[in-house]
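Report on the structure given below.
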Amino acid sequence: MTGALEVLDPGLLTLVEDLGRPGWAHVGVGRSGAADAGALRLANRLVANDEGAAGLEVLLGGLRLRAVGDVTVALAGARGPAWLDDRPVGHEAVLELRSGAELRLGTVTSGLRTYVAVRGGIDVPTVLGSRSTDQLAGLGPDPVRAGDVLAVGPAPADWPVVDLAPVSAPPDRVELPVVPGPHADWFEDVLGRLQASDWRVTPATSRVAVRLAGPALARTPEHRGRELPSEGLVLGAVQVPPDGQPVVFGVDHPVTGGYPVVAVVRRFAHGRLAQVRPGDRVSFVNGRASV
Amino acid sequence: MTDARAPRVVPYGDDAVLVELAGLAEVRALDDAVRAARVSDPDAAGVVDQVPAARTLLLRVREGVDPGVLPVARWWGARTARVVEGTAAEVRLTVDYDGPDLADVARLTGLTVDEVVARHTGARYTVAFGGFMAGFAYLVGLDPVLRVPRLDSPRERVPAGSVAIADEYSAVYPAATPGGWRLLGRCGQTLFDVDRDPPALLQPGTHVRFTAS
Numbered sequence: 001m002t003g004a005l006e007v008l009d010p011g012l013l014t015l016v017e018d019l020g021r022p023g024w025a026h027v028g029v030g031r032s033g034a035a036d037a038g039a040l041r042l043a044n045r046l047v048a049n050d051e052g053a054a055g056l057e058v059l060l061g062g063l064r065l066r067a068v069g070d071v072t073v074a075l076a077g078a079r080g081p082a083w084l085d086d087r088p089v090g091h092e093a094v095l096e097l098r099s100g101a102e103l104r105l106g107t108v109t110s111g112l113r114t115y116v117a118v119r120g121g122i123d124v125p126t127v128l129g130s131r132s133t134d135q136l137a138g139l140g141p142d143p144v145r146a147g148d149v150l151a152v153g154p155a156p157a158d159w160p161v162v163d164l165a166p167v168s169a170p171p172d173r174v175e176l177p178v179v180p181g182p183h184a185d186w187f188e189d190v191l192g193r194l195q196a197s198d199w200r201v202t203p204a205t206s207r208v209a210v211r212l213a214g215p216a217l218a219r220t221p222e223h224r225g226r227e228l229p230s231e232g233l234v235l236g237a238v239q240v241p242p243d244g245q246p247v248v249f250g251v252d253h254p255v256t257g258g259y260p261v262v263a264v265v266r267r268f269a270h271g272r273l274a275q276v277r278p279g280d281r282v283s284f285v286n287g288r289a290s291v
Numbered sequence: 292m293t294d295a296r297a298p299r300v301v302p303y304g305d306d307a308v309l310v311e312l313a314g315l316a317e318v319r320a321l322d323d324a325v326r327a328a329r330v331s332d333p334d335a336a337g338v339v340d341q342v343p344a345a346r347t348l349l350l351r352v353r354e355g356v357d358p359g360v361l362p363v364a365r366w367w368g369a370r371t372a373r374v375v376e377g378t379a380a381e382v383r384l385t386v387d388y389d390g391p392d393l394a395d396v397a398r399l400t401g402l403t404v405d406e407v408v409a410r411h412t413g414a415r416y417t418v419a420f421g422g423f424m425a426g427f428a429y430l431v432g433l434d435p436v437l438r439v440p441r442l443d444s445p446r447e448r449v450p451a452g453s454v455a456i457a458d459e460y461s462a463v464y465p466a467a468t469p470g471g472w473r474l475l476g477r478c479g480q481t482l483f484d485v486d487r488d489p490p491a492l493l494q495p496g497t498h499v500r501f502t503a504s
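Laid out in structure tokens, this is it:
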């Protein structure tokens, strides 16, 4: 048989995620998927999976797993200590787990979400073509619970070609490169003001959105009190509700929104957005200059 | 076609453009035209999501495709040839008109309850767009006499299948959720089921009629 992963402790929150379910936004279902898709892809490549195989997205560490049968796994994303039985192991490395071996993730020291890829992928049923949990739409598998035995799919034909992938340390200060959004002109010099200050990540931050706090952004006089009919949203859209505090949408964003979108975080920085923690300070930079 | 109503294509990050249009009819026409193009036009192959709304159509492309080169003007120009009125499916929904807001809607509109039901069942609706939750459809075509504002404070829980109106729209709640629309009745049909193809009974462009049970 192919192996499985027995969950001994899911930590704070562990979700099954792949690269999401595009193509359903017109009926109210967003793309969802791994918040830091780049990290899931890297972990999958290490175990020679298809980049879109389903893995585990672990919030803040604390996950404990036991191998049922021999399995091959890799960790990527938020850094923190990890142990295979009692031996410390690294991230971005190919880890062979003998049947019965225990993998344990400590509390993360930087970032928010760690990904566990397993050779063959987590084999839960697909919903609309994806194994991802969408916390806003309520689709996909339930959060992982202690006692769950997660089946592992058939191993791919390829074998891992490297033992580890060098990844640079995360920066001390998170910069979000932005380009103007469709309603940038509703606000006074909004790109300038976004870049002029630091923004604090508030605790009301989730896969749906990262909520920021800082100096309130003000509309131009002619746009004060104006209503915007709802319109489509994208991952990375920076929306400004009436309180003037920006909201940056994440992977489980609603498919439409009714407040002006003043900027959009560039695609290559979406992973950074997934790794900011409540209390962190982030800054916006000109996305045209940082390609 | 006059240029005054031509769409304006606004950049929206690396993966999308937002097409601004004059109104719902124009959104419907372009949405249908793009969906038709995705079947036959190689230039539309990169489009993965279309999100119609009241005055905009969002087009999201797959990674690696430049959304700025989508030939939106060409699709707009081709819309009348492709969009044939009446080809979309019509769905009939059977409703128990016993909703908790029926009497209030009658009072607000100056109609009797029977007249409210007659006007709600007398119209033919079209799904303009979705968005609030999976399977939720904003239906246009509501009799203008039935235009009533939302509740001042939303209900914490609207039961699944509730048939509701607010402003210029009618809708059916696919699942229980908080909501502020005025509830006219209940419909037993399943609006959204991930194991059905297609999962959403009501999709943009679908025509809908309500029948009293």
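The listed protein sequences derive, respectively, from chains P and Y. Residue numbers are given in my numbering: position 224 of the first sequence equals residue 224, and the series is strictly consecutive. Residue numbers are given in my numbering: position 172 of the second sequence equals residue 463, and the series is strictly consecutive. From the three backbone atoms N, C-alpha and C, an ideal C-beta is built for every residue, glycine too.
Cβ neighbour criterion (16 or more within 10 Å) applied to residue i
i: residue 49/P; result: buried
i: residue 286/P; result: exposed
i: residue 98/P; result: exposed
i: residue 494/Y; result: buried
i: residue 366/Y; result: buried
i: residue 65/P; result: buried
i: residue 347/Y; result: buried
i: residue 159/P; result: exposed
i: residue 324/Y; result: buried
DSSP-derived helix/strand/coil call for residue i
i: residue 405/Y; result: helix
i: residue 49/P; result: coil
i: residue 453/Y; result: strand
i: residue 322/Y; result: helix
i: residue 269/P; result: helix
i: residue 306/Y; result: coil
i: residue 415/Y; result: coil
i: residue 134/P; result: strand
i: residue 199/P; result: strand
i: residue 55/P; result: strand
i: residue 361/Y; result: coil
i: residue 213/P; result: strand
i: residue 296/Y; result: helix
i: residue 188/P; result: coil
Separation of residue j from residue i, as counted between CA atoms
i: residue 17/P; j: residue 57/P; result: 6 Å
i: residue 458/Y; j: residue 175/P; result: 42 Å
i: residue 372/Y; j: residue 319/Y; result: A caution first: residue 372/Y carries a pLDDT of 48, below 50, which makes its placement in the model unreliable, though a value can still be read off. Cα to Cα, residue 372/Y sits roughly 14 Å from residue 319/Y.
i: residue 227/P; j: residue 123/P; result: 45 Å
i: residue 243/P; j: residue 102/P; result: 48 Å
i: residue 93/P; j: residue 74/P; result: 6 Å
i: residue 482/Y; j: residue 464/Y; result: 8 Å
i: residue 424/Y; j: residue 135/P; result: 12 Å
i: residue 115/P; j: residue 96/P; result: 16 Å
i: residue 164/P; j: residue 329/Y; result: 41 Å
i: residue 31/P; j: residue 402/Y; result: 44 Å
i: residue 178/P; j: residue 336/Y; result: 27 Å
i: residue 59/P; j: residue 109/P; result: 12 Å
i: residue 317/Y; j: residue 370/Y; result: 9 Å
Interface residues of chain P facing residue i [CB-CB closer than 7 Å]
i: residue 432/Y; result: Correct list: empty, because the minimum Cβ distance to chain P is about 18 Å.
i: residue 349/Y; result: 231, 232
i: residue 339/Y; result: 22, 23
i: residue 495/Y; result: 26
i: residue 343/Y; result: 26
i: residue 301/Y; result: 182
i: residue 501/Y; result: Correct list: empty, because the minimum Cβ distance to chain P is about 20 Å.
i: residue 491/Y; result: 27
i: residue 346/Y; result: 229
Proximity below 8 Å, CB of residue i to CB of residue j
i: residue 149/P; j: residue 71/P; result: no
i: residue 207/P; j: residue 187/P; result: no
i: residue 245/P; j: residue 277/P; result: no
i: residue 10/P; j: residue 221/P; result: no
i: residue 182/P; j: residue 301/Y; result: yes
i: residue 27/P; j: residue 426/Y; result: yes
i: residue 37/P; j: residue 271/P; result: yes
i: residue 238/P; j: residue 263/P; result: yes
i: residue 4/P; j: residue 69/P; result: yes
i: residue 120/P; j: residue 14/P; result: no
i: residue 41/P; j: residue 130/P; result: no
i: residue 473/Y; j: residue 455/Y; result: yes
i: residue 275/P; j: residue 113/P; result: yes
i: residue 499/Y; j: residue 416/Y; result: yes
Residues that residue i contacts on chain Y, provided the C-beta gap is smaller than 8 Å
i: residue 267/P; result: 304, 305, 306, 354
i: residue 255/P; result: 342, 421, 422
Listed by chain order, chain P residues near residue i by CB distance under 8 Å
i: residue 309/Y; result: 182, 231, 232
i: residue 246/Y; result: This structure does not reach residue 246/Y, given that chain Y is present from 292 up to 504, and the question cannot be answered.
Residue i: contacting residues in chain P (beta-carbon distance under 9 Å)
i: residue 360/Y; result: Near residue 360/Y there are no residues of chain P at all, since even the closest Cβ is about 17 Å away, more than 9 Å.
Chain-ordered neighbours of residue i on chain Y, where CB pairs are closer than 9 Å
i: residue 236/P; result: 304, 305, 306
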